[in-house]
Amino acid sequence: MGALRRRLVGDNISVTANTTAPILGGRRSSASTISKLALLAIGTLVMIVAVPMLYNMPTPDLQTSSAQKQKNDVTVKKDTNDASSEYESPKRNGGEAKTNQKASEPSIAWEVVPAADHVDATVAELKPATLCTCAKCGSTSLWEELFAIVEGKSFKSMNYTGPPWIHDLLNKKLWTNIEAKRRTDWSNFKDQDSFALIRDPKERIVSAWKSKVTCDTDEEILGHRMFVPHLLKLAGPSNSMTARTDKGFPCLDLSEYLAVLSQIHGQGREGLLNSHFLPQHLGCFKDVPPSMWTVVTTISGPNALCSLKSVVSKSTNNMSNMDDGCQMIKTHNYTRSVDLSRADEVILDRITSKEYEMLGQYLNNA
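In structure tokens, the structure reads:
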């Protein structure tokens, strides 16, 4: 103990040897050391509190109740979702889109109004309306019938062999008597008549296979290199199926095609499908259920054409007339049948169940 004390004293003398007042110098040194330690402690405390705040990390708060912390967490999450929803497409869950009266992405439905800068007898007879159909539901037939109604002539009389296509309702060269835009604001939907063209879900899925991704052809079609990779990518990395390429282009046999769709639906990714494969309850009826539409019919409906005329035209039609004059003309007519295995039928039942649940009564009526 004595040796230790002597060492400390010697050290003090060594430190203060150059001062004129060794005792006062020792006191000042001790005070300075205490001050430095106090500043260091304060700085450390500031860092502990301030740094987590800068990085938005939760800090220990002994005075904040757990309920208040939970409220703060909810507020942060809500703000994050609100900010991202301005730029991201609405997420679809269980067949319902999380949108309000003004959707953040355009619907596939068209809002059609008489052209303001082109006034003639035909335009005077037109009225605002909302029109919608899905790919592979008879869309070409619908737009050709609409063209004849609003333009007063057939589309075939235009003798187009390329663009503009009949589906392009924004083309002013083609559609001169109407102005069209994709509907995003549904607040005035009930103020206009509306028309939706639908199709039996199972027939539509098989039709999409025939016209876009089938291997049952020796010639490449437009959809092969576009839709086959898209479907396989949506199925995800766990998908063990690959496209056939023995014909010089990627394609899918019917059973493989249905199995890919089954995987996509099973992962809840059906809302990301191309419009040719997109379920109908996520298309025309994503924002407004079919019960709110003026007319919901198939292309084979006996009054489909007369119903369309009544929706877009001010003139009245006798809707009880069920004759050929009220039926639409089918532009594409695939009659080739396909053979389905029991496994294929099970998949079709599963991936179309929500569509039949929503549209069953309208399919039966048609």
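When we follow our numbering, the leftmost residue of the sequence shown carries the number 246, and every step to the right adds one. Where is the CB? At the ideal position from N, CA and C, for every residue including glycine. Remember, it's a predicted structure, so these values are computed and weren't measured experimentally.
- Each residue's CA atom was taken as its position, placing Arg514 and Ile411 some 30 angstroms apart.
- Straight across, the Cα-Cα distance linking Ala480 with Met486 is about 9 angstroms.
- Residue nearest to Phe494 within the set Ala360, Gln508, Arg470 is Arg470 (criterion: CA-CA distance).
- For Arg428, the three-state secondary structure derived from DSSP is coil.
- Per the coordinates, the alpha-carbon of Ser582 lies some 14 angstroms from the alpha-carbon of Asp589.
- For Thr367, the uninterrupted alpha helix (DSSP H) run begins and ends at 366-369, by DSSP.
- As far as DSSP is concerned, Pro446 takes part in no beta bridge.
- Trp355 carries a strand assignment under DSSP once its states are collapsed to helix, strand and coil.
- An exposed status is given to Glu602, since fewer than 16 other beta-carbon atoms sit within 10 Å of its beta-carbon.
- Straight through space, the alpha carbons of Lys492 and Glu356 are spaced by roughly 43 angstroms.
- Taking the Cβ atoms as the reference, Arg428 lies roughly 6 angstroms from Thr375, within the contact range of under 8 angstroms.
- For Thr378, no alpha helix (DSSP H) run applies; the uninterrupted beta strand (DSSP E) run containing it begins and ends at 374-378, by DSSP.
- By the Cβ test, the region 421-439 is not in contact with the region 497-504, since fewer than three Cβ pairs between them sit closer than 8 angstroms.
- Looking at the DSSP output, Ser439 sits in a beta bridge with Thr375.
- The beta carbon of Val451 lies closer than 7 angstroms to those of Val583 in the same chain, with the five residues before and after it left out.
- A residue is called buried when at least 16 other Cβ atoms come within 10 angstroms of its Cβ; Thr597 meets this threshold and is buried.
- Between the C-alpha atoms of Leu467 and Val473 there is a straight-line separation of about 11 angstroms.
- Judged by DSSP in its simplified three-state form, Thr597 adopts coil rather than helix or strand.
- Secondary structure of Leu497 (DSSP, three-state): strand.
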